[in-house]
Each structure stands twice: as structure tokens, then as C-alpha cells.
Amino acid sequence: MKTCFLSPQIIDDFRDYADLCFEEFGDIVKNWITINQLYSVPIRGYGVGSDAPGRCSHWQDSSCYAGNSATEPYIVAHNQLLAHATVVDLYRRKYKPTQGGQIGPVMITRWFLPYNVTDKTSIEATERMKEFFMGWYMEPLTKGKYPDVMREYVGCRLPEFTEEESELVKVPMIFLVSTITSLSTPKRQPQLLGSLPCRTHAYNFHLLMQVTIPLVHCSWGRPLLPKRHIRYNEALQRKIREFNVNVKGYFAWALGDNYEFGAGFTMRYGLSFIDWNNVTDRDLKDSGKWYQKFINGPIKPAKQDFLRSSLSFENNKKLKDA
Numbered sequence: 157m158k159t160c161f162l163s164p165q166i167i168d169d170f171r172d173y174a175d176l177c178f179e180e181f182g183d184i185v186k187n188w189i190t191i192n193q194l195y196s197v198p199i200r201g202y203g204v205g206s207d208a209p210g211r212c213s214h215w216q217d218s219s220c221y222a223g224n225s226a227t228e229p230y231i232v233a234h235n236q237l238l239a240h241a242t243v244v245d246l247y248r249r250k251y252k253p254t255q256g257g258q259i260g261p262v263m264i265t266r267w268f269l270p271y272n273v274t275d276k277t278s279i280e281a282t283e284r285m286k287e288f289f290m291g292w293y294m295e296p297l298t299k300g301k302y303p304d305v306m307r308e309y310v311g312c313r314l315p316e317f318t319e320e321e322s323e324l325v326k327v328p329m330i331f332l333v334s335t336i337t338s339l340s341t342p343k344r345q346p347q348l349l350g351s352l353p354c355r356t357h358a359y360n361f362h363l364l365m366q367v368t369i370p371l372v373h374c375s376w377g378r379p380l381l382p383k384r385h386i387r388y389n390e391a392l393q394r395k396i397r398e399f400n401v402n403v404k405g406y407f408a409w410a411l412g413d414n415y416e417f418g419a420g421f422t423m424r425y426g427l428s429f430i431d432w433n434n435v436t437d438r439d440l441k442d443s444g445k446w447y448q449k450f451i452n453g454p455i456k457p458a459k460q461d462f463l464r465s466s467l468s469f470e471n472n473k474k475l476k477d478a
């Protein structure tokens, strides 16, 4: 018996679960998310084994109890896309006419810059990484097929959509939720830099400017660096206005410092500082005060452009923290 999203049975099971949710809660819930952070489960759950169900190849991590990192992530992603599309189709046909709600997926986004802007292989690796990260989902959702470069490199390990599935998957989305994470600088083997200064996080916005459907933004700044969080949010707000991007909502992670999945209490992403020795003791950070003003009225836009496109890994190292 295959596990979870490894089996196509999950498509029907997920549809039935969503059907129950729509029927029971559709009169009060008007905004639905199908699957959160589509990229995470195939890679973290079936590629490297760091998340549930903890599957991967032994050459990837000897502690994984089973799995195949070369094949399973692509199968899982394929079934995720079909499960998402099936649920969206169900909602549109059966519930939207009477409930009038909206439904869409959550994409986790990163931006990629060449490790060396003068090295052709580094530039090509960067473009491949964009396709393998964002294109893996966005191209099926908009064109009904996987990126050509993925087909070239993955070959027969990458599943195929039937003609009917292709039409189902690329049904126009009502909205797209984007979660901004970190910056990577690919070489021949990509190197993840983790949580970088907020100005580099904003490169994800470049890709979002190419999307015409309504967007909902989920984001966070660096832990314990609320001023950078503020500058990032100001710059992002200014670019949204400058390019007239159809952003319908923005969620900051998180209301207060909490237990971060995979990092425990070692990361503080909250808008409020929480004393772990006395959890009732909490103070609003500067970023929290900024966000409070933001949701209550206009915010003065940032003067400096933190979204400039000339940054690479090498010249980014030379910049002083703003």
C-alpha cells in the first residue's frame, strides 16, 4: 500500500474531504486554501525526509526508513497538482454559485541569483533552479504541462498529464497565495543561504509581477531584526503600487514568537516578543507597531529601493546592512 500522496487514491480522498468541508463550513468560510506550500511536501517529506512522512533514499539520509529521492518527489507533486485541481473544480461547479467563495493554492517562493554573474554555467543553473522550484507548479497551473527543462533533466521520472488532466490543472485560479522565504545562489550545485537580509527576500516579488491573478502575500522578516522587516515591507508595498500588482491581502508571520516547525524556539519571527520563561509577558516589536499602523492607514513608502536587480551573491557580500 503506497503512502499518502504517493498513491493516486489521494486525489479522490482529498476531494471527498474537501467536499465535506465545503458542505459543512461553506456558509461561513469564503476563502479556501487547497494545499499549503505545494513545494514543501514533495521535497521535505519525500526528497530529504526532514518532514512527515520522512521518506528518502539512504544515500540522501541513512535515517530514512524507506523511499526514493529520485522518483517519489515528482510523483507526490503530480498527485498534489491533480488533487488541488480536482478540489477547485468541485468547488466551482457545486458550491461557488451558492456560497460565492474563493479558492486557490499556497506557493512557497524563493528568488535565485547567479553565484557568479560572469559565469555562464552559474547563470544557466540559476534559470534551471527557477524552473525546478516555481515552474514545477506554476507552469502546470497556467499551461497544463511541466517546464521543458524539467522534462529534459528528469526524463521518464517526471509524470505526464493526460489531455484531460492538463485541461483540469490549468483551470484559471481565483487567487494565488505566495509565501516568501529565502534567497539561493545556484552554481552547478545550488547553495542555500538561509534567512538573508530582507532586501534579498524581496526578489521573489519579481516573479509575482508576472502573475495577473489576484495575489495574497504571506511573508516574514528576519528573526530579531524588526527594523529590516519594516524596511522590507515598506519596499514591497511601494513596488506593489508602482507596478499596480493585484495584491488582495498580506499576512505577516507571525503574530507572536512561537514554535517554528523545524527550528523550535530558536527562531523569533513574531511581531510580538514573547518571554519563554513567562509566556504571558509579551511586547510588541517595532515591526509589530509598523504593521499595526499599516493595517489602520497609509504608510510612508521606503526611500531606498531594496528590490534593485543588480545584486548577485558576490556583490551582495560587499553591501553593508541597511
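Numbering of the sequence shown is given in our numbering, commencing with residue 157 and proceeding in unit increments. A virtual CB, placed ideally from N, CA and C, is assigned to each residue, including glycine.
Between Tyr-293 and Leu-194 the beta-carbon gap is near 5 Å, inside 8 Å, which marks them as a contact. The alpha-carbon separation between Asn-400 and Glu-319 amounts to approximately 35 Å.
Assignment of alpha helix (DSSP H) within the segment 231–289, counting only whole runs of 4 or more residues, yields 252–255, 276–286 in chain order. Following the DSSP letters along the chain, one finds Leu-297 inside the alpha helix (DSSP H) bounded by residues 292–299. In the DSSP assignment, Asn-452 falls outside any beta strand (DSSP E) and lies within the alpha helix (DSSP H) extending over 442–452. Going by C-alpha positions, Tyr-173 is about 36 Å away from Leu-392. With fewer than 16 other Cβ atoms inside 10 Å of its own Cβ, Gly-453 counts as exposed.
By the C-beta density criterion, Lys-404 is exposed, having fewer than 16 other C-beta atoms within 10 angstroms. For Phe-429, the beta-bridge partners assigned by DSSP are Asp-439. Comparing alpha carbon positions, the residue from Ile-189, Val-262, Arg-171 closest to Ser-196 is Val-262. Taking the Cα positions, Lys-449 is about 36 Å away from Thr-298. As DSSP reads the structure, Trp-188 sits in a beta bridge with Ile-259. Comparing alpha carbon positions, the residue from Asp-183, Arg-266, Asp-413, Glu-390 closest to Tyr-447 is Glu-390. The alpha-carbon separation between Ile-396 and Tyr-221 amounts to approximately 45 Å.
Partner residues in the beta bridge of Glu-416, as assigned by DSSP, are Gly-420.
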